[in-house]
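Here is the structure we will look at, set down as structure tokens.
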Amino acid sequence: MNEVALTPEQALSRLVAHIMQLASEMDGRVMIGIAGGPGVGKSTMAGGLQTMLNALHPGQAAMVPMDGFHVRHAILEERGHTERKGAPHTFEGEAFYNFLAHLKAARDPVKVPGYSREIEDVVDDAFAVPPEVRIVIVEGNYLLLPDPPFSGIKPLLDYAVYLDVPWDKVEQRLMHRHAEHGLFTDERNRAHINRNDLPNYDLVREHRSRADLIISLITES
1 MNEVALTPEQ ALSRLVAHIM QLASEMDGRV MIGIAGGPGV GKSTMAGGLQ
51 TMLNALHPGQ AAMVPMDGFH VRHAILEERG HTERKGAPHT FEGEAFYNFL
101 AHLKAARDPV KVPGYSREIE DVVDDAFAVP PEVRIVIVEG NYLLLPDPPF
151 SGIKPLLDYA VYLDVPWDKV EQRLMHRHAE HGLFTDERNR AHINRNDLPN
201 YDLVREHRSR ADLIISLITE S
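So the sequence shown is numbered by full-length UniProt numbering: it starts at 1 and just counts up by one.
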């Protein structure tokens, strides 16, 4: 495990170079994990990697978010788990592991579920990963958890990165994100963040040492 402090731009440059090196040394599909707590910038980092890698070789990289494997909202309501949405038990962890194992070996197009923050629910077959994709960038909170059903995910990853951002900055980002969607009041959003996102952030951070590289992101906000 390595730990470095980098700006997002520096992190992208370093990761692209390392991923290209890995791809040159390996046969088959390369699986890269971008892990971290809610609001640390996983999607932004993974999307940036996809863009930069495809600029080098068009079509070589695809991004797969874990969010598409949320338990459906209607089921969470039935179980009384909506207040903890985003916690480990509100994801289809075993299905996500099985999906990644299949994707790693697949030679045909693979359909991927997505997640809409506008409707706060899963979207079936949101996109597909074509067979020619060599590099898959997986991003999600729970890629590094050591307990079932998530424990099998880390061994599927050829390189795992943990993004670290201080909680005070994360809290500001999450408040802004919730406000943008406009579904709830600021009071409800702050209560949800403290009740749900903070425990999830702490849980994920507890297991950051399982990453191959920890990046402490240097950001102004």
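For glycine and all other residues, C-beta sits at the position ideal for the given N, C-alpha and C.
Query                                                                                                                                                      : Result
So which of D197, Y162 and S221 has the shortest CA-CA distance to H207?                                                                                   : Y162
On the three-state DSSP scale, how would you describe N200?                                                                                                : helix
How many Å lie between E9 and N2 at the Cα?                                                                                                                : 18 Å
Could you pull out every residue in the same chain whose Cβ sits closer than 6 Å to the Cβ of D124, ignoring the five residues on either side in sequence? : P113
Distance, Cα to Cα, A106 vs P131?                                                                                                                          : 7 Å
If I measure Cβ to Cβ from N200 and keep anything under 7 Å in the same chain, skipping five residues before and after, which residues do I get?           : G37, P38, G86, A87 and N141
Answer with buried or exposed for G28, where buried requires no fewer than 16 other C-beta atoms within 10 angstroms of its C-beta.                        : exposed
Out of curiosity, what's the CA-to-CA distance linking I19 and I32?                                                                                        : 8 Å
Taking only the alpha-carbon atoms, compute the straight-line gap between I135 and F99 and give it to the nearest angstrom.                                : 16 Å
Quick one: which unbroken beta strand (DSSP E) runs of 3-plus residues sit fully inside the stretch 45-96? Chain order, please.                            : 61-65
Any contact between the stretch 62-71 and the stretch 188-197? By contact I mean 3 or more CB pairs, one from each, below 8 Å.                             : no
Could you say which of G41, L174, H89 and S221 lies nearest to P149 if we only look at CA atoms?                                                           : H89
Just verifying my parser: in three-state terms, what is the DSSP assignment at I218?                                                                       : coil
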